[in-house]
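Residue numbers (our numbering), protein chains in the order written: chain A, -15 to 97; chain B, -15 to 97.
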DNA sequence: TACATGCTCAACCATGTAGTTAAGTATAAG
DNA sequence: CTTATACTTAACTACATGGTTGAGCATGTA
């Protein structure tokens, strides 16, 4: 919980682009190759490839090279970090989730006993 | 839930900088002037002011001009939008919060009766 | 009135980003 | 062996970003 800071820079930057968010949306359905990720967008192949690279560098996507195709998979851990950061502010927009958080903490304590 | 897309660009971009995230952290404690927001950082006043402008443009901060000082307040609605976007991926990193989500839904249904 | 304070704006610099095209590499298929 | 496919890399353009300094504009204060 200390060098996550650099992660957050990369993750939030990666998420700050609609093309990349859409790519993650696709990857939430199933693993896709670079080509499959590129086709929905009116953009050169190389351009899409660069977006994938950004997602990869942010740790949001992992790549498995299989022959000449590169299979991409959604990697959620860094999304969880971003979510964890945001959760610190949840009390500002709703009290409901505070209750849930309390439930979680209680659950954790129960487990630790 | 349709032109939120542009919001998300701005919000995630604003969050992709450690200085700005730290500023939000300060604003979570209490309202602060631009000067107060600037002092913790080894950066010119004008530089800090520009960061605040970015937060403001992203809708994360509102400003109240009071005499010659500008009071800044955290505005959480856009953070909530970002969180809502992330929540769509929660199932990928934990099952626990799915349960909580189910609880919330059940709660909502109970209230609607 | 004069001066200090809080902040913005404009101009500038260095670097980064998003996109392109073109060429190169490796793998699969004929 | 030859060609098509999947992808990367490099070079380039245009523009955004993060930072600076210096000037300017209100608003307090003496």
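Each residue gets a CB set at the ideal place from its N, CA and C atoms; glycine is no exception.
All values reported here derive from a predicted model rather than from experimental measurement.
One alpha carbon belongs to residue 3 of chain A, the other to residue 65 of chain B, and they sit about 18 Å apart. Residue 46 of chain A: not part of any alpha helix (DSSP H); member of the beta strand (DSSP E) spanning 45 to 50, first to last residue. For residue 24 of chain A, no Cβ of chain B is located within less than 9 Å of the residue's own Cβ. Residues of the segment 37 to 49 of chain A with a C-beta atom less than 7 Å from some C-beta of chain B do not occur. Annotated three-state conformation of residue 5 of chain A is helix, per DSSP. For residue -7 of chain B, the closest C-alpha among the options A/-8, A/1, A/-12 and A/26 is that of A/1.
Around the beta carbon of residue -11 of chain A, a 10 Å sphere encloses fewer than 16 other beta carbons of the protein chains shown; the residue is thus reported as exposed. In the three-state reduction of the DSSP assignment, residue 37 of chain A falls in the helix class, which pools H, G and I. Any Cβ of chain A closer than 9 Å to the Cβ of residue 10 of chain B would place that residue at the interface, and such an atom is absent.
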